[in-house]
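Q: Position 42, counted from 1, in the sequence shown is what this note's numbering calls 359; the numbers after and before it change by one each time, with no gaps. Mind looking over this structure? Questions follow.
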Amino acid sequence: MTSYSLIKVGNDYVVQAGDKCILKVSSRRRAAQLISDAMDLLNAQAAAESPEKAEETPSLRREAP
């Protein structure tokens with residue numbers, strides 16, 4: 318997973334992912350919120366790509382007629 322960081326350039330903040338500058342914003346708080354949102358999305362994507370193995374037996378039994 319990529320590490321995110323903030324650097325201050327003049328009056329703006331630059332969000333870096335690894336060695337690449339990916340976003341420039343004027344508010345440090347907004348930059349931190351965007352990093353948090355990105356991490357949440359990446360974690361959700363990772364969870365969706367590797368779903369746990371579902372049980373093969375149903376959780377409810379069918380009643381006999």
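Glycine included, each C-beta is placed from N, C-alpha and C at the ideal position. Bear in mind that the values here come from a model prediction, so they are computed numbers and not experimental data.
For Ile-324, which residues of its own chain have a beta-carbon under 6 Å away from its beta-carbon, when the five flanking residues on both sides are left out?
A: Residue mapping note: residue 324 aligns to position 7 of the sequence shown, counting from 1. Take Ile-324, set aside five residues on each side of it, and the residues of its chain with a beta-carbon closer than 6 Å to its own are Val-331, in chain order.
Q: From this set, Ser-344, Asp-329, Ile-339 and Val-326, which residue's C-alpha is nearest Pro-355's C-alpha?
A: Taking the sequence shown and counting its residues from 1, one reaches residue 355 at position 38. As written in the sequence, residue 355 is Ala, which differs from the Pro given in the question. The option with the nearest alpha carbon to Ala-355 is Ile-339.
Q: For Ser-353, report the span of its alpha helix (DSSP H) as first-last.
A: In the sequence shown, the residue the question calls residue 353 occupies position 36. Segment 345–366, the alpha helix (DSSP H) holding Ser-353.
Q: Run through the DSSP bridge pairs and tell me what Ile-401 is partnered with.
A: A query on residue 401 cannot be resolved here, the shown segment of the chain reaching from 318 to 382 and no further.
Q: Measure the Cβ-Cβ separation of Lys-341 and Asp-329 and say whether it is below 8 Å.
A: For the purposes of this step, residue 341 is taken as residue 24 along the sequence shown, with counting starting at 1. For the purposes of this step, residue 329 is taken as residue 12 along the sequence shown, with counting starting at 1. The answer is yes: Cβ separation under 8 Å.
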